[in-house]
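Protein chains in written order, with the numbering used here: chain L, 3 to 224; chain P, 3 to 224; chain Z, 3 to 224.
Here it is in structure tokens:
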């Protein structure tokens, strides 16, 4: 994923949240994005590109959810954003640039549209509902992201799990800790991370290596 | 390569295009830079550092090509930029900072010169032609860059190849596709990427791994 | 480490100096930070996060050293900054945000405090000395960082070593060179890098691979 965000012109900051996030996997990205987006104020514009269908006929959309704006492919990436929001509006992007490459809509289509929104212009398209992926669960019991340190982020919100909940993955049943410093060195555990997701970690170690897990690995809560 | 660019003061955005591009290989970088630079408007300032000769007697230069500015070593990195431009002027940088390290001219020499240009100041040097590498081909049949996803970018422009052209590399003869979504999963192919270069890719896979190729691997067009 | 810096509002540039620096190792980071910080002007604000004790009871501090500002954990990361500065003031951060996660003080605590300083507000805490790590040496004969190219940066300042000094590591005794271009290809050597630290490198090769060294490897000067 490239989840880049812009906030208001002029002097628009651009933040590349997940340069290394799950390539080609909008479902994993959807759970990650919904958790991270919640930390940004209304008016933030998210330019989100996990787009394995670029060049096919998937639509391009703008979504406004609880005041935050999202620009990207209509491929499920915004499913959890839409499901958890109180108020959602959405548009299919009908505007096209003079030159549209087959493979890089992030540059050619989504970025200019995000810039239009940042300048306060209306969504350049037709209002219509997002495509929906209603069979996706509210909480996804899978690893959706491995971070730089080897921590394994799940699609489960910590708030959906009891304090005594255990998560089983990679053949190990893991207890909840409050933070890294609370767990013995080298021992895997899970905790509610700073974005509210259940995250599997090893104090001073790499959870992905210790547990041989990666994006897509299944988590069994108990 | 660090190909950083700045556009006008104040509020100069700096974009690090290729933090991971071919280290120590100005020739590969030259084909990549010429393809990517074409997308930026006149007035853009490119600060380009692939500089294996830093600390030796290679000169430091400013080049202006079709209105775009380039600052960096006179080591071939701007050869294709110069060759393809309609109008080129160039200067040897004679300005020196108070403290010039032997190993980091990007920080000590090139960045301040790029900032001078961004402020609208003249090139701080003497106008003279760039050194030229006229034996380099117009189209380079080699891999010049492996991107984050394992796609292998060549030094061949797609426009130089027929729609039916095949590219052979890593023991495989590859057909042209329009985009990832047009190729079967796991199957290598080539396509003209969003910057106009022939790129070898695998739908939902890593071309560098599938074909065992890397920067410098030879491509045979047919 | 995330050593991010901000300089004055509005239009605060943010530079992520070491996204890949020694995780969980404030001691290595302290020698690296002291060398790199010296290049920035007075008034620069460094937001520094190497924080294995996040969520424990380590304090959060602001330090002002020779006019530069540092915000981060009181865990030794600023030890060399403080030791080498002429004038140091420091504060324990007593301000707390409305929501403080257990695991991400970089976002929740340190970044807002850095922003307060960038706006010219006073340090939101109580003036008191930093904790000190007086048993740490002035020059650390260890590898503290491996960069993108495999160069191995030590905690020894080049100015502390004679021109004829040799550094032994990975079973090899290395001579000093002025720059990469002065050493034969493939041959390891050491030189004083652009930040003043002794760095072990291989001309057109990776020192970490050639010498099988990494962060923490011991250096014996002679």
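Ideal Cβ placement from N, Cα and C applies to all residues, glycine included.
- Collapsed DSSP secondary structure at residue 238 of chain P in the structure displayed: Outside the shown range of chain P, which is 3 to 224, sits residue 238 of chain P, and nothing can be said about it.
- Task: Note down, in chain order, every chain Z residue with its Cβ under 9 Å from the Cβ of residue 109 of chain P.
- Result: As a position in the second chain, residue 109 of chain P is number 107, starting the count at 1. Near residue 109 of chain P (Cβ distances below 9 Å), the residues of chain Z are 41 and 196.
- Task: Could you tell me which uninterrupted alpha helix (DSSP H) segments, each at least 4 residues in length, are contained entirely in the segment 102-162 of chain P, listed from first to last along the chain?
- Result: 113-120
- If we call anything under 8 Å between Cβ atoms a contact, is residue 87 of chain P one with residue 68 of chain P? Locating residue 87 of chain P in the second chain gives position 85, counting from the first residue. Locating residue 68 of chain P in the second chain gives position 66, counting from the first residue. Yes; because the gap between Cβ atoms is below 8 Å, this pair is in contact.
- Does the segment 200-214 of chain L come close enough to the segment 32-52 of chain L to have 3 or more Cβ pairs within less than 8 Å? Segments in contact, no.
- Item | Span of the beta strand (DSSP E), counted from its first residue to its last, around residue 225 of chain P | In the structure as shown, chain P starts at 3 and stops at 224, and residue 225 of chain P therefore has no counterpart that could be examined.
- Query: Taking the C-alpha atoms as reference points, what is the distance between residue 212 of chain P and residue 148 of chain L?
  - Reply: On the second chain, position 210 is the one that residue 212 of chain P refers to. On the first chain, position 146 is the one that residue 148 of chain L refers to. Approximately 23 Å between the Cα atoms of the pair.
- Message: Between which two residues does the alpha helix (DSSP H) holding residue 31 of chain Z run?
- Response: Here residue 31 of chain Z is taken as the residue at index 29 of the third chain, counted from 1. Residues 28-39.
- Task: Figure out for me which residue from L:141, L:49, L:131 and L:170 has the closest Cα to the Cα of residue 108 of chain L.
- Result: Stepping through the first chain from its first residue, residue 108 of chain L is reached at position 106. For residue 108 of chain L, the nearest C-alpha among the options comes from L:49.
- Residue range of the unbroken alpha helix (DSSP H) whose run includes residue 56 of chain P: Position 54 of the second chain, counted from the start, is the residue given in the question as residue 56 of chain P. Where residue 56 of chain P is concerned, there is no enclosing alpha helix (DSSP H), given that its DSSP letter is neither H nor E.
- Any idea if residue 51 of chain P is buried or exposed, counting beta-carbon neighbours within 10 angstroms, 16 or more meaning buried? Sequence index remark: in the second chain, residue 51 of chain P carries index 49 (1-based). It counts as buried.
- Backbone CA spacing between residue 55 of chain L and residue 154 of chain P [nearest angstrom]: Here residue 55 of chain L corresponds to residue number 53 of the first chain, with the count starting at 1. Here residue 154 of chain P corresponds to residue number 152 of the second chain, with the count starting at 1. Put simply, the backbone Cα of residue 55 of chain L is about 20 Å away from that of residue 154 of chain P.
- Counting contacts by CB-CB distance shorter than 8 Å, is residue 200 of chain L in contact with chain Z? Here residue 200 of chain L corresponds to residue number 198 of the first chain, with the count starting at 1. No, no contact with chain Z.
- Task: Could you tell me whether the Cβ of residue 122 of chain P comes closer than 8 Å to any Cβ of chain Z?
- Result: By one-based count along the second chain, residue 122 of chain P stands at place 120. Output row for residue 122 of chain P: interface = no.
- Please name the residue in Z:30, Z:112, Z:92 and Z:217 whose C-alpha comes closest to that of residue 172 of chain Z. Locating residue 172 of chain Z in the third chain gives position 170, counting from the first residue. Of Z:30, Z:112, Z:92 and Z:217, the residue nearest in Cα terms is Z:217.
- Query: So which of Z:124, Z:32, Z:82 and Z:139 has the shortest CA-CA distance to residue 96 of chain Z?
  - Reply: Within the third chain, residue 96 of chain Z is the residue found at index 94, counting from 1. The shortest C-alpha separation from residue 96 of chain Z is found at Z:124.
- Terminal residues of the alpha helix (DSSP H) in which residue 209 of chain P lies: Start at 1 with the first residue of the second chain, and residue 209 of chain P comes out as number 207. Per DSSP, residue 209 of chain P belongs to the alpha helix (DSSP H) from 209-212.
- Message: Quick test of your reading: residue 175 of chain P and residue 158 of chain P, contact by CB under 8 Å. State the CB separation rounded to the nearest angstrom.
- Response: The count along the second chain starts at 1 and reaches residue 175 of chain P at position 173. The count along the second chain starts at 1 and reaches residue 158 of chain P at position 156. Their Cβ separation, rounded to whole angstroms, is 15 Å, which puts residue 175 of chain P and residue 158 of chain P out of contact at 8 Å.
- Message: Distance check for residue 46 of chain P and residue 7 of chain P, CA to CA, integer angstroms please.
- Response: For the purposes of this step, residue 7 of chain P is taken as the residue at position 5 of the second chain. For the purposes of this step, residue 46 of chain P is taken as the residue at position 44 of the second chain. Confidence at residue 7 of chain P is low in this model, with a pLDDT of 43, below 50, so the placement of that residue should be treated as unreliable; the coordinate-derived value is given next. Using only the alpha carbons, I get a separation of about 7 Å.
- Item | Nearest-angstrom beta carbon gap, residue 181 of chain L and residue 105 of chain Z [assumed within contact, 8 Å] | By 1-based counting over the third chain, the position of residue 105 of chain Z is 103. By 1-based counting over the first chain, the position of residue 181 of chain L is 179. At roughly 5 Å, the Cβ-Cβ gap stays under 8 Å, so residue 105 of chain Z and residue 181 of chain L are in contact.
- Message: Determine, for residue 216 of chain Z, whether the minimum Cβ-Cβ distance to residues of chain L falls below 8 Å.
- Response: If you number the third chain from 1, residue 216 of chain Z lands on position 214. No, its Cβ sits nowhere closer than 8 Å to a Cβ of chain L.
- Is the CB-CB distance between residue 208 of chain Z and residue 26 of chain P below 8 Å? Position 206 of the third chain, counted from the start, is the residue given in the question as residue 208 of chain Z. Position 24 of the second chain, counted from the start, is the residue given in the question as residue 26 of chain P. The answer is no: Cβ separation not under 8 Å.
- Which of the three DSSP states, helix, strand or coil, is assigned to residue 189 of chain Z? To locate residue 189 of chain Z, count along the third chain from 1; it is residue 187. Correct three-state label for residue 189 of chain Z: coil.
- Item | Any chain L beta carbon closer than 8 Å to residue 178 of chain P | Here residue 178 of chain P corresponds to residue number 176 of the second chain, with the count starting at 1. Answer no: the Cβ-Cβ gap between residue 178 of chain P and chain L never drops below 8 Å.
- Message: Please report the distance separating the alpha-carbon of residue 194 of chain P from that of residue 75 of chain L.
- Response: Within the second chain, numbered from 1, the residue matching residue 194 of chain P stands at position 192. Within the first chain, numbered from 1, the residue matching residue 75 of chain L stands at position 73. Distance between the alpha carbons of residue 194 of chain P and residue 75 of chain L: 22 Å.
- Task: Below 6 Å CB to CB, which residues in the same chain sit around residue 169 of chain P once its five sequence neighbours on both sides are set aside?
- Result: Within the second chain, residue 169 of chain P is the residue found at index 167, counting from 1. Once the five neighbours on either side are set aside, the close Cβ partners of residue 169 of chain P are 176, 192, 221 and 223.
- What is the DSSP secondary structure of residue 80 of chain Z, counted as helix, strand or coil? In the third chain, residue 80 of chain Z corresponds to position 78, counting from 1. Residue state, collapsed to three classes: coil.
- Note the first and the last residue of the continuous beta strand (DSSP E) segment covering residue 171 of chain P. Position 169 of the second chain holds residue 171 of chain P. Looking at the DSSP string, the run of the beta strand (DSSP E) that includes residue 171 of chain P is 169-171.
- Local conformation of residue 183 of chain Z per DSSP, three classes: Position 181 of the third chain, counting from 1, holds the residue named residue 183 of chain Z. Residue 183 of chain Z falls in the helix class under three-state DSSP.
- Candidates P:70, P:178 and P:80, of which the one nearest residue 164 of chain P by Cα: Along the second chain, one-based indexing puts residue 164 of chain P at 162. Considering only alpha carbons, the answer is P:178.
- For residue 58 of chain L, which residues in chain B fall below 7 Å Cβ to Cβ? The structure shown has no chain B; the protein chains it does contain are L, P and Z.
- Go ahead and label residue 214 of chain Z buried or exposed: buried means 16 or more other beta carbons lie within 10 angstroms of its beta carbon, across all protein chains shown. Residue mapping note: residue 214 of chain Z aligns to position 212 of the third chain, counting from 1. So residue 214 of chain Z ends up on the exposed side.
- Message: Please state the DSSP three-state secondary structure of residue 74 of chain Z.
- Response: Residue mapping note: residue 74 of chain Z aligns to position 72 of the third chain, counting from 1. Strand.
- Message: Within a Cβ cutoff of 7 Å, which residues of the same chain sit near residue 161 of chain L, ignoring the five residues on either side of it in sequence?
- Response: One-based indexing of the first chain puts residue 161 of chain L at position 159. The beta carbon of residue 161 of chain L sits closer than 7 Å to the beta carbons of 198 from its chain, once the five residues preceding and following it are set aside; these are given in chain order.
- Message: Against residue 106 of chain P, what residues of chain Z qualify as contacts under a CB-to-CB distance less than 9 Å, listed in chain order?
- Response: Locating residue 106 of chain P in the second chain gives position 104, counting from the first residue. The contacting residues are 195, 196 and 197.
- Which whole-angstrom value describes the C-beta separation of residue 127 of chain L and residue 94 of chain L, a residue pair presumed to lie in contact below a C-beta threshold of 8 Å? Within the first chain, residue 127 of chain L is the residue found at index 125, counting from 1. Within the first chain, residue 94 of chain L is the residue found at index 92, counting from 1. That pair is a contact at about 5 Å.
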